[in-house]
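I have placed the structure first, in the form of structure tokens, so that the comments after it can refer back to it.
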Amino acid sequence: MKETVTFSKDAANLFFHILTGCNLRCRHCYINPDQHGTQTLPIKTIEAWLEVFARRSHAANVIFLGGEPTLHPDLPQAVQTARNLGYRSITIDTNGYLFHDILDKLSPQDIDYFSFSLDGATAAVNDRIRGDGAFRQCTDGIRDAVSRGFHTSLIFTVSRDNIHELPLMPSFLEELGIERFFIQVLGLRGQSAGVARKDRRVSRAEWLESVLGTAEAAVDLGIVTVYPKVFLDLDEPFECAGRVADNYFVFPNGRVYRCPLCEDHPVHSLRIEEHQLFPTEPINEKDLFALDIPEGCVMNKLIQPDNLAYNDQGDPEYKIACCLLKEELQPK
Ligand code: SF4
Ligand code: SF4
5 MKETVTFSKD
15 AANLFFHILT
25 GCNLRCRHCY
35 INPDQHGTQT
45 LPIKTIEAWL
55 EVFARRSHAA
65 NVIFLGGEPT
75 LHPDLPQAVQ
85 TARNLGYRSI
95 TIDTNGYLFH
105 DILDKLSPQD
115 IDYFSFSLDG
125 ATAAVNDRIR
135 GDGAFRQCTD
145 GIRDAVSRGF
155 HTSLIFTVSR
165 DNIHELPLMP
175 SFLEELGIER
185 FFIQVLGLRG
195 QSAGVARKDR
205 RVSRAEWLES
215 VLGTAEAAVD
225 LGIVTVYPKV
235 FLDLDEPFEC
245 AGRVADNYFV
255 FPNGRVYRCP
265 LCEDHPVHSL
275 RIEEHQLFPT
285 EPINEKDLFA
295 LDIPEGCVMN
305 KLIQPDNLAY
315 NDQGDPEYKI
325 ACCLLKEELQ
335 PK
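The sequence shown: position 12 = 16 (my numbering), numbered continuously.
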């Protein structure tokens, strides 16, 4: 069954970067310490901020991120606090190194998913992107988590460096015991915004050719598969999640964004100070969400204009969807 997952209008999502430090240096890392800070949040601050968002949005989903969140020694306590505060679901995004024996300190009942990041079906391709040894460590981590009964998902960020291995992923994920597969598109943020990386984004033709076939193969193997729509026909409706959804991308320096494409710039619309959430002054990302343009997403046009194509009259040939708009394929 194929379903377009519009933004959850009845549930909030808290993407909580509890630190920006990481043991890896992935080529496409979107963390930008100048904009996001270099702090590791103390557990008391994490708990206070979890409370702020629990008060603001009933039964939000929380995703703990970094950097590498398992580098934080108090992550198990943060998970417990999120559970006690009534968060609807708890996910830990990890590069698979699973520091501080995190699997010994949590039980499968404590969290909904461990979400692993892997960018290749082979060590050769993955480790070129994520660093030597990352493939082995991540796949060992997945096997360990699955063998202990944790639910697992996997995020694969598609670029020119690995798109040829995308078709190999479904059978590999089945072998690993992964339940949910997130195909992501490389965004021009953080490291990827560098000139040397800009040409690593795949074209519309490459995206349409590879992604759907792989998603269908994965779902045939019983794996729930989610991928961003990216391209919209001109007659398809466009919606900006910044206007209609309840997403918070929180960084250790207190910046809170509503749109991930804005994260390289000081245009956050909220900030946390002394454990309270405040709106920021205009001009900020909210002013951008309000703009209607024929190309769809305003931020895409500003930071990734190469995604667009125009006809001889200067009209766009298609629209770019909100990066948060996903297709979800459910096994029958
Ligand atoms: S594992 Fe994640 S946070 Fe660490 S370098 Fe890679 S992309 Fe960045
Ligand atoms: S990605 Fe584009 S459409 Fe989505 S929230 Fe950001 S500005 Fe809006």
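Glycine included, every Cβ here is placed at the ideal spot set by N, Cα and C.
- Within a 10 Å sphere around the beta-carbon of PHE282 sit fewer than 16 other beta-carbons, which makes this residue exposed.
- For ASP148, the enclosing alpha helix (DSSP H) covers residues 138-151.
- Assignment of SER93 by DSSP, reduced to helix, strand and coil, places it in the strand class.
- In the DSSP assignment, the residues bridged to GLY300 are ILE324.
- ILE94 sits away from ASP78, with the two beta carbons spaced by 7 angstroms or more.
- Between THR126 and the set ARG164, ARG205 and MET173, the nearest pair of CA atoms involves MET173.
- Bounds of the beta strand (DSSP E) holding GLN188 are 184-189.
- By a beta-carbon distance limit of 8 angstroms, ARG29 contacts GLY135. Their separation comes to about 6 angstroms.
- With a threshold of 16 other beta carbon atoms within 10 Å, ASP310 falls short and is exposed.
- The residue from ASP291, ILE133, ASP123 and THR143 with its alpha-carbon nearest to that of ILE159 is ASP123.
- Judged by their CB atoms, CYS326 and ALA245 are nearer to each other than the 7 angstroms cut-off.
- Not one heavy atom of ligand 1 is found less than 6 angstroms from the C-beta of LEU122.
- Boundaries of the alpha helix (DSSP H) around PRO37: 37-40.
- The beta carbon of PHE235 sits closer than 8 angstroms to those of ARG208, TRP211, LEU212, TYR322, LYS323, ILE324 and ALA325, all from its chain and outside the five residues before and after it, given in chain order.
- Under DSSP, TYR261 shares a beta bridge with PHE253.
- Relative to the Cα of HIS76, the nearest Cα in the group TYR101, ARG247, GLU169 and GLN39 belongs to TYR101.
- Within the model, the alpha-carbon separation for GLY226 versus TYR34 is close to 30 angstroms.
- Only residues of its own chain outside the window of five on either side were considered, and among them HIS21, HIS40 and GLY41 have a CB closer than 7 angstroms to the CB of PHE255, listed in chain order.
- Note: PHE57 is not bridge-paired with any residue in the DSSP secondary-structure output.
- Not one heavy atom of ligand 1 falls within 6 angstroms of the beta-carbon of GLY100.
- For ASN65, the CB contacts under 6 angstroms within the same chain, skipping 5 residues up- and downstream, are ASN17, ARG92 and SER93 in chain order.
- Ranked by Cα distance from SER157, the first of CYS142, GLY318 and ASN257 is CYS142.
- Looking at the DSSP output, ILE276 sits in a beta bridge with LEU281.
- In this structure, the beta-carbon distance from PHE293 to ARG247 falls below 7 angstroms.
- Placement of the Cβ of GLY70 at a distance of less than 6 angstroms from at least one heavy atom of ligand 1 is found.
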